[in-house]
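Engineer: Counting in this note's numbering, the sequence shown tops out at residue 227, every number present.
Beta carbons: idealized from backbone N, C-alpha and C, even for Gly.
Since the structure is predicted, the reported quantities are computational estimates derived from the model, not experimental observations.
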Amino acid sequence: MAVDYLPKNDEDFADWLELFIDMLIANQAVLPVTPAQIAALQALLAQLRTDIADAQEKEAAWHGAVQAEITTRSVVEGLVRPLAKQVQEDPDTTDAMRAVAGLTVRKKTRTRRGVGTEVPGIVLELRAGGEIIVHWGTNPNNENSNSKPVWAKGVNVYRQLAGETKKTLIAFDSSSPYLDTITGAATTVTYFVAYRGTKETDIGPMSPGQSVAAGGTVGGPVGGGPA
Numbered sequence: 001m002a003v004d005y006l007p008k009n010d011e012d013f014a015d016w017l018e019l020f021i022d023m024l025i026a027n028q029a030v031l032p033v034t035p036a037q038i039a040a041l042q043a044l045l046a047q048l049r050t051d052i053a054d055a056q057e058k059e060a061a062w063h064g065a066v067q068a069e070i071t072t073r074s075v076v077e078g079l080v081r082p083l084a085k086q087v088q089e090d091p092d093t094t095d096a097m098r099a100v101a102g103l104t105v106r107k108k109t110r111t112r113r114g115v116g117t118e119v120p121g122i123v124l125e126l127r128a129g130g131e132i133i134v135h136w137g138t139n140p141n142n143e144n145s146n147s148k149p150v151w152a153k154g155v156n157v158y159r160q161l162a163g164e165t166k167k168t169l170i171a172f173d174s175s176s177p178y179l180d181t182i183t184g185a186a187t188t189v190t191y192f193v194a195y196r197g198t199k200e201t202d203i204g205p206m207s208p209g210q211s212v213a214a215g216g217t218v219g220g221p222v223g224g225g226p227a
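1) Is DSSP giving Asp95 helix, strand or coil here?
2) Would a C-beta distance cut-off of 7 Å place Gly204 and Ala194 closer than the cut-off?
3) Would you give the residue range spanned by the beta strand (DSSP E) that Gly154 belongs to?
4) Under DSSP, the beta strand (DSSP E) around Leu179 begins and ends at which residues?
5) Measuring straight from C-alpha to C-alpha, what distance separates Thr72 and Gly121?
6) Where do the ends of the beta strand (DSSP E) carrying Arg127 lie?
7) Secondary structure at Arg73, three-state DSSP: helix, strand or coil?
8) Determine whether the beta carbon atoms of Ser176 and Trp136 lie at a separation below 7 Å.
9) Of the choices Thr187, Thr183, Lys153, Ala162, whose alpha-carbon is the least far from that of Phe172?
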């Protein structure tokens, strides 16, 4: 196969064309070429160089736009992934919410074999220094006879401070009681517990909330019931 003498690279081709035109001009007296043909080639060479410069500018802008897009997406993913994980694991998030948001809708854990329907009891005990003891189980009023279902490895402990609209998972506790400490200004704290099995997703029904005033100089229970 014969090798094509025309350069593949556009800039190299323009340089070659300029040399070719110069040679035609220098030898037009003896070559079978007309001034009109040379003028046409010169005009096309000028247009070609303009188009090459325009293409290079647009290519550079395209690469810059692509890099900006990649950078922005990376920043967005860094913010949205932990937020989506928090929403996914929040006990108040329903499967309908997950489906609308495009999050993974997991299989119902409460119908899976080995996950019971028992609701743990919960009793709060307030101590000095903002310490709150969360007693939980089948008989949280008496730790000597307190227990948990056979399938449960412990409970998830959720906390909701006054003014907050969401419960926050603060701990997994394998044996009652659980100790929490509230520092700072006096506030009302509500606790919830739910039995949990071997897997993190093996979660039974959540208990009603129990509230207590803690922090500052305030102390003493302020009643129960869900927040």
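Structural biologist: Short version:
1) Along the sequence shown, read from residue 1 onward, the residue named residue 95 stands at position 95. Correct three-state label for Asp95: helix.
2) Counted from its first residue, the sequence shown places residue 204 at position 204. Counted from its first residue, the sequence shown places residue 194 at position 194. Yes, the pair counts as a contact, with Cβ atoms nearer than the cut-off.
3) Here the question's residue 154 lines up with position 154 in the sequence shown. Gly154 -> beta strand (DSSP E) spans 154-161.
4) Position 179 of the sequence shown holds residue 179. Unbroken beta strand (DSSP E) run through Leu179: 178-181.
5) Here residue 72 refers to the residue found at position 72 when the sequence shown is read from its first residue. Here residue 121 refers to the residue found at position 121 when the sequence shown is read from its first residue. Cα to Cα, Thr72 sits roughly 48 Å from Gly121.
6) Residue 127 sits at position 127 when you count from the first residue of the sequence shown. Run containing Arg127: 121-127, per the beta strand (DSSP E) assignment.
7) As a working mapping, residue 73 is identified with position 73 in the sequence shown. Three-state result, Arg73: helix.
8) Mapped onto the sequence shown, residue 176 falls at position 176. Mapped onto the sequence shown, residue 136 falls at position 136. Their beta carbons are under 7 Å apart, which means Ser176 touches Trp136 by this criterion.
9) Within the sequence shown, numbered from 1, the residue matching residue 172 stands at position 172. For Phe172, the nearest C-alpha among the options comes from Lys153.
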